[in-house]
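The structure appears right after this line, and notes come after that.
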Amino acid sequence: MSAFLVITFSGLALGAIYFLAASGLSLIYGLMDILNFAHGLFMTLGAYAGYEVAVHLTSSLGAPASLTLAILASILGGAIAAGITEVFLIRPLYGRPVSQILVTIGLDLAVVGLLMGGFGSSSLQIPVPTWLLLATHVGSLNLPNASFLALGAGVIVLLVLEWFLRRTRYGIIIRAGVENREMVSALGIDVGRAFTLVFVIGGAMAGLAGLLYSLVFSGDLVSPAQGDSLLIFAFIVVVIGGLGSIRGSAVAALIVGLLQDYTSFYIGGHQGWAEIGNLSVVLLLAVVLEWRPRGLFGSVA
Amino acid sequence: MSNALELRDLHVSIAGSHVLQGVSFDVPEGGVTALLGRNGVGKTTTLRAILGLVPSTGGIQLLGHDIAGWSTHLIVRLGVGYVPENRDVFSKLTVDENLRLAEAGTEARYDDVYSLFPELKERGKQLAGTLSGGQQQMLSIARAMLNKRALLLVDEPSKGLAPRIVSEFAAVIETAAKQSTVLLVEQNLRVVKRLAQRIIVLDHGEVVHTGDADDLNDDLLVRRLLGVAGAA
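Chains A and B, in that order, are what the protein sequence lines are. Going by my numbering, the residue at position 140 of the first sequence is 140; the numbering climbs one at a time, nothing skipped. Going by my numbering, the residue at position 160 of the second sequence is 160; the numbering climbs one at a time, nothing skipped.
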């Protein structure tokens with residue numbers, strides 16, 4: 001029973017990271033009809049921004065303070081990368097979806113190549129405080145502190161995002177734009193500004209997801225291709241949750257994270273079944289697409 | 001009298017179909033000008049071209065500005081309100097949120113709108129998608145009238161509504177026309193006769209008649225231009 005609870009906790013933490021990775025992607029597609037293949041790059045750049053800050057500030061500020069700044073740097077790094085991408089690469093290509101896909105794929109390949117050139121293709125170790133490597137005793141369970149960090153970040157981001165989307169004018173504009181972009185313009189609202197904002201928000205969350213994935217599931221290592229592997233699961237979560245639905249992304253991310261961890265733990269240990277975790281997620285995607293083609297919470301036409 | 005809107009040789013092609021083929025007309029300031037024609041002749045496309053929602057060529061002079069090539073939101077900010085054919089309320093937003101989106105600066109005239117449509121105030125927290133067709137039309141018109149507008153583009157407000165409700169909406173547009181110029185697309189000739197002072201008739205993407213609304217009393221003309229018998 002305790003193993004089940006620990007795996008559940010780990011699955012929820014993984015789901016929290018998937019949520020951070022997927023929610024921005026979902027909003028970007030829902031509002032702008034853009035399949036953003038550079039979203040994985042924003043995760044990678046966020047992780048590297050966090051790594052750089054941690055490496056340079058740990059000796060002077062100590063590990064806890066530098067980790068806090070590293071998290072902020074990952075958010076900022078992802079946001080800046082996304083903002084630049086939207087303004088200079090996506091905006092000139094509105095209404096040309098194929099070109100947008102090609103540009104975002106090309107950008108991802110080019111910048112990942114640059115990262116390999118600058119940092120090497122090997123993984124790099126992020127200096128972290130010791131407590132992040134330890135576990136907290138909850139009853140008879142030992143739960144990893146890093147997982148608490150991921151879960152906490154996921155919950156905070158979800159609450160902030162819900163507040164932003166429901167209570168602020170720009171949030172309402174984004175929700176309206178997901179439903180009918182043209183009518184938002186016809187009310188005198190500059191939808192282009194909302195596009196940039198959504199990209200920046202999505203990039204910020206992706207950057208945070210990239211760093212947290214390194215800290216929680218990748219042994220504090222960053223590598224140039226980590227965002228791309230995370231992006232695959234982010235896309236799956238978006239499709240399962242429903243395009244443009246933040247709540248859908250949250251629910252789908254938790255389902256995917258739990259399913260992946262349960263199947264990996266209970267079945268993946270048997271010989272020849274090591275990849276069952278990933279396979280189970282793809283099978284879930286197939287079932288959802290067959291049962292509800294627009295996803296669990298999707299109604300965007 | 002100066003013109004609120006002037007179209008000159010307006011062309012629009014959609015998916016290879018040449019929908020507007022050189023439309024030219026003027027809408028004088030004040031009152032209601034009705035844009036008439038059979039289904040598919042380009043009435044809605046004309047409104048959408050004015051708003052920049054479809055690409056067009058030709059000249060569009062709106063409230064003294066040459067707006068050809070402008071973005072939709074900039075055109076609307078000149079003082080244009082739009083009531084689309086299918087209402088296009090945001091179904092997943094509440095009534096309050098739909099209205100809040102239409103706010104422009106501090107000019108929002110909630111008192112005026114709620115006095116015309118008290119039901120919208122009572123249903124402020126209700127999702128717009130759960131409103132009846134008539135209530136959605138109220139919301140769509142309220143959004144367009146929330147701010148002071150020099151020009152209202154109203155596309156078939158009576159479509160799909162019961163006769164009693166149509167009469168109520170006609171009264172609202174009558175009220176709106178006291179403060180704004182209205183360009184009204186409408187198939188219901190009874191409504192047009194009640195509201196409009198001038199008519200413009202489109203056929204096959206071209207203007208085939210302009211004149212006073214009194215022309216609608218000429219049954220022969222109505223039958224020739226619109227393909228229907230004149231309304232009583």
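Idealized CB from N, CA, C, for every residue including glycine. Fair warning: this is a prediction, and the values are worked out from it, not measured in the lab.
Closest to Asp-33(A) by C-alpha separation, out of Pro-224(A), Phe-164(A), Ile-90(A), would be which residue? Ile-90(A)
Residues of chain B with CB closer than 8 Å to the CB of Met-183(A), please, in chain order. Within 8 Å Cβ-Cβ: Pro-84, Asp-88, Phe-90.
Please report the distance separating the alpha-carbon of Gln-100(A) from that of Leu-109(A). 14 Å
Taking the CB atoms as reference points, tell me whether Gly-248(A) and Gly-227(A) lie closer together than 8 Å. no
In chain B, what lies closer than 7 Å to Asp-190(A) by C-beta? Those within 7 Å of Asp-190(A) in chain B are His-73.
Since I believe Arg-194(B) is in contact with Ala-170(B) (beta carbons under 8 Å), could you give me their beta-carbon distance rounded to a whole number of angstroms? The pair is a contact, with the Cβ atoms about 6 Å apart (cut-off 8 Å).
Using a Cβ-Cβ cutoff of less than 7 Å, which residues in the same chain neighbour Glu-206(B) once the five nearest sequence positions on both sides are dropped? Gln-21, Gly-22, Val-23
Is there a C-beta anywhere in chain B that falls below 8 Å from the one on Leu-31(A)? no
Within its chain, find whatever has a CB closer than 7 Å to the CB of Asp-9(B); leave out the 5 residues flanking it on each side and keep chain order. Excluding sequence neighbours, Asp-9(B) sits near Gly-22, Ser-24, Gly-58, Gly-59.
Grouping DSSP H, G and I as helix and E and B as strand, with all else coil, what is His-65(B)? strand
What does a CB cutoff of less than 6 Å around Ala-150(A) pick up in its chain, not counting 5 residues either side in sequence? Ala-13, Ala-16, Ile-17, Leu-212, Val-216
Can you pull the chain A neighbours of Glu-97(B), defined as C-beta to C-beta under 7 Å? Ile-172
Any alpha helix (DSSP H) of 4 or more consecutive residues that is wholly inside the stretch 161 to 196 of chain A: At a cut-off of 4 residues, the continuous stretches assigned as alpha helix (DSSP H) that sit fully inside the stretch 161 to 196 of chain A are 169 to 185.
When the Cα atoms are used, what is the spatial distance from Glu-103(B) to Gly-83(A)? 27 Å
Tell me the DSSP secondary structure of Asp-33(A) in three-state form. coil
Out of Leu-132(A), Gly-207(A), Val-198(A), Ile-156(A), point me to the one whose CA is closest to Ala-63(A)'s CA. Leu-132(A)
Do Pro-84(B) and Met-183(A) have their CB atoms nearer than 8 Å? yes
Proximal chain A residues relative to Arg-123(B), where beta-carbon distance stays under 8 Å: The premise fails here: Arg-123(B) is roughly 17 Å from chain A at the closest Cβ pair, so nothing lies under 8 Å.
With H, G and I counted as helix, E and B as strand and the rest as coil, what does DSSP make of Pro-64(A)? helix
Does any C-beta atom of chain B lie closer than 8 Å to the C-beta of Ala-194(A)? no
Taking the Cβ atom as the reference point for each residue, do Leu-45(A) and Gly-78(A) lie within a distance shorter than 8 Å? yes
Helix, strand or coil for Ala-177(B) per DSSP? coil
How about Leu-259(A) and Gly-40(A): do their beta carbons lie closer than 8 Å? no
Three-pair Cβ contact test at 8 Å for the stretch 18 to 33 of chain A versus the stretch 179 to 196 of chain A: Put simply, the stretch 18 to 33 of chain A touches the stretch 179 to 196 of chain A. At least three CB pairs are less than 8 Å apart.
Buried or exposed for Met-1(A), going by 16 or more other Cβ atoms inside 10 Å? exposed
By DSSP, does Glu-86(A) sit in helix, in strand, or in coil? Helix at Glu-86(A).
Identify every residue that forms a DSSP beta bridge with Ile-200(B). Leu-35(B), Thr-210(B)
Specify the secondary structure class of Ser-17(B) as computed by DSSP and reduced to three states. Strand.
Counted within 10 angstroms of its Cβ, other Cβ atoms place Glu-174(B) as buried (16 or more) or exposed: exposed
Whole angstroms are fine: how far does the CA of Val-200(A) sit from the CA of Gly-113(A)? 23 Å
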